[in-house]
Structures are given as structure tokens and as C-alpha cells.
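Written out below as C-alpha cells is the structure these notes cover.
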Amino acid sequence: MKALVLDGSREGDALTTVAVLGVRAALEGRGAVVEHAILRKLSVAPCTGCFGCWTRTPGECVFGDDARDVVRSYLDSDVVVYATPVTFGGYSSLLKATLDRIILPVLDPRFTVVGGEVHHRLRYRRYPKTVGLGTLPTPDPEAERLFAALVSRNGLNVQQAAEAVVLAGVTDPASAKMFAERLLDRVGVPR
Amino acid sequence: MNALVLVGSPKGRNSSSFLLGSKLAEGLRNHGAAVREELAHPALRTEDGTRRLLDAVDASDLVVLSFPLYVDSLPSPLTLLLELVAGRRAGAAMAGSPRLAAIVQCGFPEAHQCDTAVGICRLFAGRTGMRWAGALAMGMGGSLERGFRKLPGGGRNILRALDMASETLAGGGDIPGEAATLFATPLMPRWMYTLFGNLGWRVQLRRNRARKPLAHRPHSQ
Chain A
0 MKALVLDGSR
10 EGDALTTVAV
20 LGVRAALEGR
30 GAVVEHAILR
40 KLSVAPCTGC
50 FGCWTRTPGE
60 CVFGDDARDV
70 VRSYLDSDVV
80 VYATPVTFGG
90 YSSLLKATLD
100 RIILPVLDPR
110 FTVVGGEVHH
120 RLRYRRYPKT
130 VGLGTLPTPD
140 PEAERLFAAL
150 VSRNGLNVQQ
160 AAEAVVLAGV
170 TDPASAKMFA
180 ERLLDRVGVP
190 R
Chain B
0 MNALVLVGSP
10 KGRNSSSFLL
20 GSKLAEGLRN
30 HGAAVREELA
40 HPALRTEDGT
50 RRLLDAVDAS
60 DLVVLSFPLY
70 VDSLPSPLTL
80 LLELVAGRRA
90 GAAMAGSPRL
100 AAIVQCGFPE
110 AHQCDTAVGI
120 CRLFAGRTGM
130 RWAGALAMGM
140 GGSLERGFRK
150 LPGGGRNILR
160 ALDMASETLA
170 GGGDIPGEAA
180 TLFATPLMPR
190 WMYTLFGNLG
200 WRVQLRRNRA
210 RKPLAHRPHS
220 Q
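Laid out in C-alpha cells, this is it:
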């Protein structure tokens, strides 16, 4: 089993660092080979909305920065972890820049109906399960609900199971691992 | 009243978000507001541009974000702007509490697919001492590419909604529920939008002389 952790933390973000330590330990405990992509260390330009990945070079972004490698890792994975400080209920801009660049090329632009609403068709046979791992300094139920809804909608895009948890004020890796274990159970990552 | 209409599409002036934002800006001006229009993406590429945007937010009584839905949320540069505005407002005693409104459009037929993005904007306003003034959200955003006149019915529901919103926003109020409902009204039946949309992707592929089919899989699994 392969897992990809997309780490959307900024330098000095201790909470997300601890959360990543916890989820890595939980995944490795289940026998996963974990790739940890520290997004602040990669060069990923914002999506320009050109649709080149759909109508010029289908399946591949026309820009050749690090996002291409992340797409490859994403498609090779059985589970992808979105690790991020919860930013007004959403993702950090670092994680968002990467998602904007990887999700479009892995989908076929044509429409299909999923769960009663329209989405894009799948380009590939297999996609990773999506796990949202958010962090906050203190509990914020509204932000946590929104984060869970966002991760769930992201799962719909690739028609895969998606679950999220927000670690509020969790500063020790053992507790983070405990939350991560429950999260991985919920999304169906085998022990 | 000073208003800032901030377009969050990377396509800038060629975008549906610009079309919608400009129409709202026109309405705000007609109702007596002083309106500044900015494109977020080019401004955020430089330090000067970023500072200019942050200053413009500080100087406004009303900020309107007009953007396309990207992966169920805001495009990443707009997310970055929210982070920067929040950082600045947390670091200083802010004199005023500007109002924030949003115009969101997505390429899917269902307007409700914009709900998470609207929620993020609303929460941002709440957490940064701004006052949430509501949102207009629509599906079938792909239909806007050729302007309002080419829309079924001349886009009258959208234009009416923008007019109602600009009037109340300029007067210090929130976007009326009736305007949000009109704006979200589908422009055509869902089957028609998806049929034309799917044909449109093929036409673009041919126009771009792409060497691979739409369903091409460059990565083996």
C-alpha cells in the first residue's frame, strides 16, 4: 500500500507538523510506504485556468513544474492525506495551489452524473481514498464542519471515500496518531 | 461609500468572473458608490501589487470577491489573499469593519456546488472582523464565456440579480435572498448544458490540434 501526504503547512507550523507525524506513524503501522510531499519546498505555480490539461495535452498540465511529479505520486497512491492548517474552513493556500494543479488533469472534462449532481468523468481506473487532516489552535465547530464538507466534496470529484478530522490544539504525536488511526479506519485503510 | 471589486479568476479580464464583477461594479457606481476594480492574480505576483491590494482592502467599506469555483473552493491566489488580509487585520487595531460579499460561479449546472466556497468567504469575514453581506452563486458558468447577450433570455435573471444586489449593497444592506435565488436559477435544462458542454470540449480539442484524445491517460497505473 502506498500513501501520499500532501503537507500544506508553512514553516514553523508546529500543529500540522505534529499531525503529519501522527498520520505517518499510523500509516506506516499499517504497512504503507509513505511519501511526504512538503509543499512549501516544491515549486508549484497557481493554476492559470487555461484548460490545457484537458484540451491541449489531455491528462497533463502544460506547465512543467513540480506539480507533474505530484500528479504521478497521487495516481500511484492508495490513500492521499491533505494535511493543512484549517484556513477559514478550507485548505492553506499552499495545499490549494497543489490541488488546483493536480485534480483537473486526473479528470476527463466531460460531464457525468454522480449522486444526482454533475461532475467530471474519471480519466483513470483507480484513485486514492482522500483523507483530510486539518489543524487548528483551538476548537472551532463551524470551521471544522466546513472542512469536513469540503473534503467530502473533494472525494466526490474522484468518486472515492473521503473522511476528515480536525486536530484542535493537539501538540503530541501520540495523540495525533490516535486521531489518525480512527480517521484511517473510517475511510477504510486496512490495518 | 468606497467599494472594491476583486476578480479572483486567473483569466483576468477574459473571465466570467470579470464579466459578473464588472456588471456589479457598474451597478454600484450607478447607485453612488466609488468603485475600484482589481485583478487578484497579477497583483499577487509582486510585492508592490500585493501591498496595493491589501491597502485597497483596508480603504474599502465594501469588498466584493468575484471568482470561479476551483476544486470546490477558491482559486489558490485568492486563498493566499485571505491569509494575508487575516494576518494584517490580526496584527493591527483595525479602525473599520468593511463588509464582504462574494460572486461565485461554477462550471457545473448546480449552483449549490458553490456552497463550500461561499462558506469559506463567510467564515473569513466572521473571523477577521468584517461583516458578511451575502453571496450570489450560480452554476453553468461556462455559458457566460460569450457574454450576457448570448445567454438564454439575454441572461435577464443574472442581470436582475446583479442590479438588485448592487442597489442594496450600495445602500449599506446585504444581498437580498431574492437576488441570490434569481442568480442561482439554471440558465437552461441540465441535459442541454451537459450536452453542449461535452461537445464544446471536443471542439476545443480539435481547435487546439491536440494529438491525444480527451480520455488520454499519460500515466500508467
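Taken in order, these protein sequences are the chains called A and B.
Each residue of the first sequence is one higher than the one before, starting from 0 at the first, in numbering that gives the first Met the number 0.
Each residue of the second sequence is one higher than the one before, starting from 0 at the first, in numbering that gives the first Met the number 0.
C-beta atoms are modelled at their ideal positions from N, C-alpha and C, and glycine is treated no differently.
Keep in mind the model is a prediction, meaning the values are calculated, not measured.
Assuming residue i and residue j form a contact by the criterion Cβ under 8 Å, report the distance between their Cβ atoms to the nearest whole angstrom.
i	j	result
residue 170/A	residue 18/A	Incorrect: roughly 10 Å between the Cβ atoms, too far for contact.
residue 73/A	residue 105/A	7 Å
residue 20/B	residue 102/B	6 Å
residue 39/B	residue 2/B	Their Cβ separation, rounded to whole angstroms, is 15 Å, which puts residue 39/B and residue 2/B out of contact at 8 Å.
residue 185/B	residue 138/B	7 Å
residue 132/B	residue 174/B	6 Å
residue 85/B	residue 121/B	That pair is no contact at about 14 Å.
residue 30/A	residue 9/B	With 8 Å as the limit, residue 30/A and residue 9/B do not qualify as a contact, their Cβ atoms being about 41 Å apart.
residue 52/B	residue 37/B	6 Å
residue 34/A	residue 3/A	5 Å
residue 176/A	residue 77/A	No, residue 176/A and residue 77/A are not in contact; Cβ-Cβ is about 19 Å, not under 8 Å.
residue 155/A	residue 79/A	At roughly 15 Å, the Cβ-Cβ gap does not stay under 8 Å, so residue 155/A and residue 79/A are not in contact.
residue 9/A	residue 98/A	Wrong, their Cβ atoms sit about 16 Å apart, outside the cutoff.
Using CA atoms only, rank isn't needed, just tell me which of the options is closest to residue i.
i	options	result
residue 183/A	157/A, 21/A and 14/A	21/A
residue 217/B	56/A, 32/A, 132/A and 114/A	56/A
residue 69/B	55/B, 56/B, 105/B and 27/B	105/B
residue 71/B	115/B, 159/B and 166/B	115/B
residue 135/B	14/B, 194/B and 161/B	161/B
residue 166/A	186/A, 132/A and 150/A	132/A
residue 63/A	75/A, 54/A, 41/A and 79/A	41/A
residue 96/A	174/A, 37/A and 138/A	37/A
residue 14/A	138/A, 188/A and 156/A	138/A
residue 78/B	89/A, 23/A and 79/A	89/A
residue 87/B	55/B, 73/B, 74/B and 75/B	55/B
residue 43/A	165/B, 76/B and 155/B	76/B
residue 150/B	192/B, 91/B, 166/B and 57/B	192/B
residue 53/A	100/A, 87/A and 12/A	100/A
Sorted by chain position, which residues of the same chain lie with C-beta nearer than 6 Å to residue i's C-beta, five sequence neighbours on each side aside?
i	result
residue 51/A	61
residue 91/A	7, 83 and 84
residue 65/B	6, 16, 19, 20 and 102
Is DSSP giving residue i helix, strand or coil here?
i	result
residue 104/B	strand
residue 119/B	helix
residue 99/A	helix
residue 78/B	helix
residue 157/B	helix
residue 176/A	helix
residue 12/A	coil
residue 123/A	coil
residue 31/A	coil
residue 118/A	strand
residue 127/B	coil
residue 41/A	coil
residue 108/A	strand
residue 1/B	strand
residue 67/B	strand
residue 138/B	coil
residue 96/B	coil
residue 210/B	coil
residue 258/A	Residue 258/A lies beyond the range of chain A shown here (0 to 190); nothing can be said about it.
residue 150/A	helix
Within a Cβ cutoff of 8 Å, which residues of the same chain sit near residue i, ignoring the five residues on either side of it in sequence?
i	result
residue 18/B	143, 146 and 147
residue 206/A	This structure does not reach residue 206/A, given that chain A is present from 0 up to 190, and the question cannot be answered.
residue 110/A	117, 118, 119 and 120
residue 130/B	96, 97, 98, 99 and 124
residue 112/B	68, 71, 105 and 138
residue 196/B	106 and 141
Which same chain residues, not among the five before or five after residue i, have their C-beta less than 7 Å away from its C-beta?
i	result
residue 153/A	129 and 161
residue 109/B	138
Would you say the beta carbon of residue i comes nearer than 7 Å to a heavy atom of the ligand MN?
i	result
residue 191/B	The ligand content of the structure shown is nil, which means the ligand MN is not present either.
Determine the chain C residues that contact residue i at a beta-carbon separation under 7 Å, and present them in chain order.
i	result
residue 98/A	Looking for chain C here will not work: the only protein chains present are A and B.
Closer than 9 Å, Cβ to any Cβ of chain B: which residues of the stretch 125-145 of chain A, in chain order? Of all residues in the stretch 125-145 of chain A, 125, 139, 141, 142, 144 and 145 have a Cβ within less than 9 Å of some Cβ in chain B.
Taking only beta carbons into account, state which residues of the stretch 2-28 of chain B come closer than 7 Å to chain A, listed in chain order. If the cut-off is 7 Å between Cβ atoms, the stretch 2-28 of chain B has 8, 9 and 10 near chain A.
At a CB distance below 7 Å, what residues from the stretch 119-146 of chain B approach chain A? Give them in sequence order. Per Cβ criterion, the list reads 119, 122, 123 and 126.
Within 9 Å of chain B by C-beta, residues of the stretch 81-94 of chain A in sequence order: For the stretch 81-94 of chain A, the set of positions with a beta-carbon nearer than 9 Å to some beta-carbon of chain B reads 86, 87, 88, 89, 90, 91, 92, 93 and 94 in chain order.
Mind checking the stretch 44-55 of chain A against chain B and listing, in chain order, the residues whose C-beta falls within less than 9 Å of any C-beta there? Listed in sequence order: 45, 46, 47, 48, 49, 50, 51, 53, 54 and 55.
Residues in the stretch 53-79 of chain B having any Cβ partner in chain A nearer than 8 Å: The stretch 53-79 of chain B vs chain A, Cβ under 8 Å: 67, 69, 70, 71, 72, 73, 74, 75, 76, 78 and 79.
For the stretch 196-216 of chain B, which residues have a beta carbon sitting closer than 7 Å to at least one beta carbon of chain A? Listed by position along the chain: 196, 197, 200, 203, 204, 207, 209, 211, 212, 213, 214, 215 and 216.
Can you give me, in chain order, the residues of the stretch 107-118 of chain B that have a beta carbon less than 9 Å from any beta carbon in chain A? Listed by position, the residues of the stretch 107-118 of chain B near chain A (Cβ gap below 9 Å) are 107, 108, 109, 111, 112, 114, 115, 116 and 118.
For the stretch 170-189 of chain B, which residues have a CB atom closer than 8 Å to at least one CB atom of chain A, in sequence order? Per Cβ criterion, the list reads 189.
Scan the stretch 4-20 of chain A for residues whose Cβ lies nearer than 8 Å to a Cβ of chain B and list them as they occur along the chain. Those residues of the stretch 4-20 of chain A placed with their C-beta closer than 8 Å to a C-beta in chain B do not exist.
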